[in-house]
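Have a look at the structure below, then the notes.
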Amino acid sequence: MAACGPQVLTSEQAWLKAAQTFIQETLCPAGKELNAQLTELVIDCVKTVWLSQEKRPGFSLPLSYSFVSVQNLRTHQRLPCCSHLSQSSSAYQVWAQGSGPNGNSLCQERLLLLGTLTDLSVQEHRNGSLYVRDNTGILGCELIDLDLSWLGHLFLFPSWSYLPPARWNSSGEGHLELWDAPVPVFPVTINLDPLTPIPVLYPEMASRLLRPRSKLRVMQRNLAGELVRLSALVKSQKKAYFVLSLGESSQAISQTVSQVSIIVQIPAQLVWHQVLRPGRAYVLTGLRVSKVRGQRYYVWMTSPSSHLMLLKPGCVQELELEEPFLEADPKPLPSPRKSQDRKGLKGLVRDSRLLHYAGTVTSVLNEPAGLYELDGKLVLCLAYQQFHSLRRVIRPGVCLELRDVHLLQSVGGGTTRPVIAPCLHGTILLRGFSYQKPGTRSSLQVHGASLYQHLVWERQLGLPLYMWATKTLEELACKLCPYVLRHHQFLQHSSPGNPSLGLQLLASSLDVLAPPGSPIRNAHSEILEEPHHCPLQKYARLQMPYCVPTLATLIKEGEHRAWASFDPKALLSFPETAHLPSCQLNRRLAWSWVCLLPCAFHPAQVLVGVLVASSHKDFLQLRDQSGSLPCLLLAKHSQPVTDPRLIGCLVWARKFQLVVERDVRSNFPSWKELEVAGFIKKRQARVYVQFFLSDALILPVPRTTLHSATPSAPYTELPCLERPHIVQSRLFLLSHKEALMKRNFCAPLGASSEMPKPALSFCVSGSWLGGTQRKEGNGWGLPEPLREQNKDQKVLLIFLGCSVRWFAVLHPGQVYRLVAPGASQTPVFEAECSSCMSQRPLELAGCVSCLTVQDEWTLEFHSSQDVSGVLGIPEALPKSSLTHLLSGNFTDSLVSFSAEILSRIPCGPPLTPHWMQPVFPCPTSIWLNFYRVTRPHSGPLPLAMSFLSPAFSSCGFVLIVPASAPRGGAVVRASLVPLRRL
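Structure below.
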């Protein structure tokens, strides 16, 4: 034991020396020497708290604790933590059990925190918030029960927790949660009772002075009464204020019979909001009567000389007024309830219930939207009240007291639980901090706060519609983010002129459900006027307008409905079917289709996705997080989409057709066994969607900066894909496009000696329109003169690799601009790539040169009307009638015609090499009946097609086929272009 004495003494000396250094650097006024009295008082304060709870034999100082400054907390403490000087390790274990069985409690650190409690911010402004300050910095803090006498004094904080800023918020600051009352280092002066009673007015008499004809309101008065209501702390760009209401109770009926409201807007008095507690009696001195700007009534307001104190018996004296006409005001007649006046609206409008509630936060539903779960059974919506300071504190485990809040039941819009929502009239009081550390927030929980504020404060949405909007935005974000879009691209609301993509998607629906032009919320009226009126007072149950399923869910639901409606008997025509042999019967059942509209679902479905083009497919797709859906997108008059700028844009469509093609392999012996499902051996479905561009909202996706957003615009004005500033381009008129398939091309010089494999590719032929153009500012310069003026400008473009993605938007008869990045002074579009193709195919195509389109090159659509000389170029494939086409009078190898598909009956698969198989899987060849458009009275003509992707019944198409193909023969190369409305 004797050997331990010097070691303990040495440890204490080292601890005391560290304490002196900390006090000198952190607590002593700048430029002054160490104050021995201050050091002694700080150490005595630490000793008192350390020894207050339990016996600690052998140690009178907390040697395991170290002092920490505000700067050290902000700089080095990266994880949430807590420190409890008065608790032992075992006591901490009991304390931590309050966080629940998941072990998510705050980590304990042995730290001693001292500082001055103040309401002055870093900018020396007062806004009602509390801070802990020392010589190294300042930190915001929350305190459950504040005494005004504490402000400006040095304290030791025995029990506290620190929450650093979130990792995503690099510019944010952490904050402190002060669990227990702070211990003063210096004795705090207690305000003594006044020597003479304070003359006060009680609420009933004070309300009479607010009458217009009263002459006594010019004097400052003192008011006393019980605090019956406390509003939210309202902060605007100009000022901050809150309203408190003092009431006067009647002992006969045990309820408040009169009350008077007081506006507090002096910056130094805003901290009173953290002191006031409903149910306690207070005295406010130095009040004056003033008229609220923009209103017609008078209210009581505090003055710079006003003070707040507890009402103590014997310290006040009621003031007797001598004005003869201060008779009691007549009681106002009860105003009729609006809910009773609206019974003619089929009972749709309901009244919310105003109440008090105390509960514990059990879950964070959507923090940016202000949605939380209370006691596992209620939804707490804080969006209709400014809750910036509470946002950083509220997490599971926090105890709240809600005063004068609205209870709304059966709000609809996808919300099944009752909702509690405070308006500016009520307040939220913090009653207990959480033992749990904040959970890791996803990107969905980080972005979107400004967007949700816009919905409430500018769009003036009622609670049912707001709940539906937040739910829809959350579903959309889960559909599209983070791989298809970034969360900040979708949710960030920069300014009213640059709304986020999410708001643009909902704008048309919100304009119908909540038309613009609603009166802006007036905070003074919402808090002061009686009867109370706010956006939460009246509500109507919202029927779900629509839902936004994922593409995978939409495909699954489409397949389910398609097979649920599959009836073999309904697909066959009787009595002809009774005489069909088994092979023909099963062949007619092999393929069928069903078309589903959005209204077929309940609620109606909305199609949302990003339009993408693949280098492995010959069609466009809509994509979200769950997968992709083949898409047939049509422009005006059922013309194909030709604008490459649509690729990568966000698509929102409420009018569309979900087509499900059913392929069935069966062996029904006859029509009598059609109800026996066992004869169906295999079945599969193919789902795609088709819609018109005019029925969809097309939005470009911002790709540059975090806060960038592009306003909604017609698809013809969408910005081009991003590219370097140094670029060159050239216009060309596309005359002919071949099918997408695997082809052999000669390997370029210097390539690998291995045998090249067939590559997915396609070729287009056309004519150059002028020379190369270079970028000048936001436009293109004049075309450069051609090297050989007399040279034929016909060219064959080869699309390989990633450039295959342009297949779906390239169509004959259209003008495109081919854009190549790079600073090369040599026009890249005049180089010939004869190594990739022999001269014989070029001669057959009527071209003198070919060019391979590089992966980094892009395409832009260009109106042919803006290019001179385009109209004079003849069509490569003039349209012909189907009858004339099959008459055998044509000598051209390719022709074009228009026809309508009447039906399709699969037959045996074609005998074609594997490398010639189509890109889109087609298990069997397809018999088509074409209805001749030019001569509608002619009968349908059958034609066998082995490659058709995709085929639609009852749709008009332009089909390019060889004219020499015999009737009933196989067509090796075909291209379908829709013509008429679906």
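Here the working numbering = 1-based position in the sequence shown + 190.
Using N, Cα and C, we set each Cβ at its ideal position, and we do this for glycine too.
Just so you know, these numbers come straight off a predicted model, no measurement behind them.
Whole-angstrom C-beta distance between residue 299 and residue 273, which should lie under 8 Å:
Numbered from its first residue, the sequence shown carries residue 273 at position 83. Numbered from its first residue, the sequence shown carries residue 299 at position 109. Between residue 299 and residue 273 the Cβ distance is about 5 Å, and since that is below 8 Å, they are a contact.
When DSSP builds the beta bridges, which residues end up paired with residue 257?
Your numbering for residue 257 matches position 67 in the sequence shown. The partner list for residue 257 (beta bridge, DSSP) reads 302.
Could you give the first and the last residue of the continuous beta strand (DSSP E) run that contains residue 357?
Translated into the one-based positions of the sequence shown, residue 357 becomes position 167. Careful: residue 357 lies outside any beta strand (DSSP E) and carries neither H nor E.
Between the region 872-890 and the region 919-939, can you find at least three pairs of beta-carbon atoms closer than 8 Å?
Segments in contact, no.
Kindly confirm or deny that the region 1042-1054 and the region 989-1003 touch, where touching means at least three C-beta pairs closer than 8 Å.
yes
Residue 1106 (DSSP reduced to helix, strand or coil)
Counted from its first residue, the sequence shown places residue 1106 at position 916. Any reading at residue 1106 needs caution, since the residue's pLDDT is 46, under 50, leaving its predicted position unreliable; the model's value is listed next. It is helical.
Should residue 773 be labelled buried (16 or more other beta-carbon atoms within 10 Å of its own) or exposed?
For the purposes of this step, residue 773 is taken as residue 583 along the sequence shown, with counting starting at 1. When all chains shown are included, residue 773 counts as exposed.
Would you mind sorting residue 808 into buried or exposed? The rule is 16 or more other CB atoms within 10 Å of its CB.
Here the question's residue 808 lines up with position 618 in the sequence shown. It is buried - the Cβ of residue 808 has at least 16 other Cβ atoms within 10 Å.
Have a look at residue 543 and residue 721 and give me their C-alpha separation to the nearest angstrom.
Here residue 543 is taken as the residue at index 353 of the sequence shown, counted from 1. Here residue 721 is taken as the residue at index 531 of the sequence shown, counted from 1. Each residue's alpha carbon lies about 14 Å from the other.
Whole-angstrom Cβ separation of residue 437 and residue 448, contact assumed at under 8 Å?
To locate residue 437, count along the sequence shown from 1; it is residue 247. To locate residue 448, count along the sequence shown from 1; it is residue 258. About 7 Å separates the two Cβ atoms, so the contact holds.
Taking residue 591 as part of the beta strand (DSSP E), name the residues at either end of that continuous run.
Taking the sequence shown and counting its residues from 1, the one referred to as residue 591 is at position 401. It spans 589-598 - the beta strand (DSSP E) in which residue 591 sits, taken as one unbroken run.
Helix, strand or coil, according to DSSP, for residue 641 in the structure here?
Counting from one through the sequence shown, the residue named residue 641 turns up at place 451. Under the three-state reduction of DSSP, residue 641 is assigned to helix.
So the beta strand (DSSP E) residue 162 belongs to, where does it begin and stop?
No information on residue 162 is available, as it lies outside the stretch 191 to 1172 that the chain covers here.
Using a Cβ-Cβ cutoff of less than 7 Å, which residues in the same chain neighbour residue 717 once the five nearest sequence positions on both sides are dropped?
For the purposes of this step, residue 717 is identified with residue 527 of the sequence shown, where counting begins at 1. 421, 433, 614 and 615.
In angstroms, rounded to a whole number, what distance separates the CA positions of residue 381 and residue 498?
The residue labelled residue 381 in the question sits at position 191 within the sequence shown. The residue labelled residue 498 in the question sits at position 308 within the sequence shown. Roughly 11 Å between the two C-alpha positions.
Determine the closest residue to residue 1002 out of 966, 754, 831 and 857, with distance taken between C-alpha atoms.
Position 812 of the sequence shown, counted from the first residue, corresponds to residue 1002. Nearest option by C-alpha distance: 831.
In this structure, how does DSSP classify residue 567 when only helix, strand and coil are distinguished?
By 1-based counting over the sequence shown, the position of residue 567 is 377. Coil.
Would you list the one or two residues that DSSP bridges to residue 775?
Along the sequence shown, one-based indexing puts residue 775 at 585. Per DSSP, none; premise fails for residue 775.
Starting from residue 950, trace the beta strand (DSSP E) in both directions and tell me its first and last residue.
Sequence index remark: in the sequence shown, residue 950 carries index 760 (1-based). 949-958 is the span of the beta strand (DSSP E), which, as asked, contains residue 950.
Tell me, please, whether the region 601-608 touches the region 652-662 by the rule of three or more beta-carbon pairs shorter than 8 Å.
Of all C-beta pairs linking the region 601-608 to the region 652-662, three or more are shorter than 8 Å, placing the two stretches in contact.
Residue 376 classed as buried or exposed, judged by whether at least 16 other C-beta atoms fall within 10 angstroms:
Your numbering for residue 376 matches position 186 in the sequence shown. Exposed: under 16 other Cβ atoms inside 10 Å.
Does residue 237 pass the burial test, meaning 16 or more other C-beta atoms within 10 Å, or should it be called exposed?
Position 47 of the sequence shown holds residue 237. Residue 237 should be labelled exposed.
Measuring CB atoms only, is the region 639-656 touching the region 774-786, in the sense that at least three cross pairs come out at less than 8 Å?
Taking 8 Å as the limit for Cβ pairs, the verdict is that the region 774-786 does not touch the region 639-656.
Is residue 509 closer than 8 Å to residue 473 when the C-beta atoms are compared?
For the purposes of this step, residue 473 is taken as residue 283 along the sequence shown, with counting starting at 1. For the purposes of this step, residue 509 is taken as residue 319 along the sequence shown, with counting starting at 1. It is not a contact, given that the beta carbons lie outside the stated cut-off.
Of the residues 590, 621 and 623, which one's Cα is nearest the Cα of residue 612?
Sequence index remark: in the sequence shown, residue 612 carries index 422 (1-based). Of the listed residues, the one whose Cα sits closest to residue 612 is 590.
So, residue 317 versus residue 428, is the Cβ gap smaller than 8 Å?
Reading the sequence shown from its first residue, position 127 is the one you call residue 317. Reading the sequence shown from its first residue, position 238 is the one you call residue 428. It is not a contact, given that the beta carbons lie outside the stated cut-off.
Residue 1173 and residue 919 closer than 8 Å at C-beta:
No statement about residue 1173 is possible, as the shown extent of the chain runs from 191 to 1172 and does not include it.
Three Cβ pairs or more, each shorter than 8 Å: is that satisfied between the region 731-744 and the region 822-837?
no
How many whole angstroms separate the CB atoms of residue 795 and residue 739, which I take to be in contact at a CB cut-off of 8 Å?
Along the sequence shown, one-based indexing puts residue 795 at 605. Along the sequence shown, one-based indexing puts residue 739 at 549. Sure, about 6 Å apart at Cβ, within 8 Å.
Tell me whether the beta-carbon of residue 839 lies closer than 8 Å to the beta-carbon of residue 798.
Indexing the sequence shown from 1 puts residue 839 at position 649. Indexing the sequence shown from 1 puts residue 798 at position 608. Contact: no.
Could you give the residue range of the beta strand (DSSP E) that holds residue 1042?
Taking the first residue of the sequence shown as 1, we reach residue 1042 at position 852. First-last of the beta strand (DSSP E) with residue 1042: 1039-1043.
Would you list, in sequence order, the uninterrupted beta strand (DSSP E) runs of no fewer than 3 residues that lie entirely inside the region 732-807?
Counting only runs of 3 or more, we get 781-786 and 797-803.
Which of the three DSSP states, helix, strand or coil, is assigned to residue 211?
As a position in the sequence shown, residue 211 is number 21, starting the count at 1. Looking at residue 211 - three-state DSSP - the assignment turns out to be helix.
C-alpha distance - residue 751 paired with residue 744, whole-angstrom precision:
Here the question's residue 751 lines up with position 561 in the sequence shown. Here the question's residue 744 lines up with position 554 in the sequence shown. Between residue 751 and residue 744, the C-alpha separation is close to 11 Å.
Does the beta-carbon of residue 590, which I'm using as the reference point, lie nearer than 7 Å to any heavy atom of the ligand ADP?
Ligands are entirely absent from the displayed structure, and the ligand ADP is therefore not among its contents.
Would you call residue 954 buried or exposed, if buried means 16 or more other Cβ atoms sit within 10 Å of its Cβ?
Residue numbering aside, residue 954 sits at position 764 when the sequence shown is read from its first letter. The residue in question, residue 954, is buried, as its Cβ has 16 or more Cβ neighbours within 10 Å.
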